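Okay, so here's the structure we're looking at.
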Amino acid sequence: MSPEFRVTRITYKELDIFPVLVDYDMENKKCRGMSARIDLFSYGALSAEIEKFHGDRLDFAIEEGMMIRKKGLIFSNGFFLFDFSYFMDNPDKFAEKINSLNIPTVYIENSDRFDLAPLLKSGINCHIELLEF
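Offset between the sequence shown (1-based) and our numbering: plus 7.
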């Protein structure tokens, strides 16, 4: 399958799409981009969930991302937080992670830290929807 993509604008109403990949600064435990907006409009609920990650769980999240599933955080089926800066250093690993999901469409935040070109060269085999507010 040849990868395709398009940009989709979303609002703050609850969305039933999955999987959604959102950028987050794992090293400094800070929201940025879409994760900052989700945290702002959930009155800090996202930050409260992330604060539960420490030690080995945080190290694992830096390498593999973290799944967030909590009512009131826009995406009704949950979403994944990834440090896009970390994965853009190794787009092959990011592409492998996306391909391992084995689904037809993946929703990815259209972040300044995300460059689609190297990801497409790495062999993505699904449709990509770039999300932005």
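The beta carbon of each residue, even a glycine, is placed where N, CA and C say it ideally should be. Note that the coordinates shown come from a computational prediction; the quantities given were computed from them, not determined experimentally.
Among A55, D30, E71 and L47, whose alpha-carbon lies nearest the alpha-carbon of L108?
The option with the nearest alpha carbon to L108 is E71.
For L22, I'd like the list of residues in its chain whose CB is within less than 8 Å of its CB, leaving aside the five on either flank, ordered along the chain.
For L22, where only same-chain residues beyond five positions count, the Cβ hits under 8 Å are I81, F82 and S83.
Between which two residues does the alpha helix (DSSP H) harbouring R13 extend?
Element bounds for R13: not the alpha helix (DSSP H) but the beta strand (DSSP E), E11 to R16.
According to DSSP, is M95 part of a helix, a strand, or is it coil?
DSSP places M95 in helix when its eight states are reduced to three.
Which residues does DSSP pair with M74 in a beta bridge?
DSSP output for M74 lists F87 as bridge partner(s).
Taking 8 Å as the threshold (C-beta atoms), are G85 and I75 in contact?
Yes, the pair counts as a contact, with Cβ atoms nearer than the cut-off.
Along the chain, where does the beta strand (DSSP E) containing E136 start, and where does it finish?
Run containing E136: H134 to E139, per the beta strand (DSSP E) assignment.
For D46, report the span of its alpha helix (DSSP H) as first-last.
It spans M41 to F48 - the alpha helix (DSSP H) in which D46 sits, taken as one unbroken run.
Let me see if you follow: with CB-CB separation under 8 Å, is N117 close to chain D or not?
Protein chain content of the structure displayed is limited to a single chain, and chain D is not contained in it.
Rounded to whole angstroms, what is the Cα-Cα separation between D122 and S42?
Cα to Cα, the separation comes out at about 18 Å.
Can you check DSSP and say which residues form a bridge with E56?
Paired residue(s): none; E56 is not in a bridge.
Whose CA, out of D119, L88, K77 and L126, lies closest to the CA of K100?
For K100, the nearest C-alpha among the options comes from L126.
Output yes or no for whether 8 Å exceeds the beta carbon distance between D46 and L53.
In this structure, L53 lies closer than 8 Å to D46 by Cβ.
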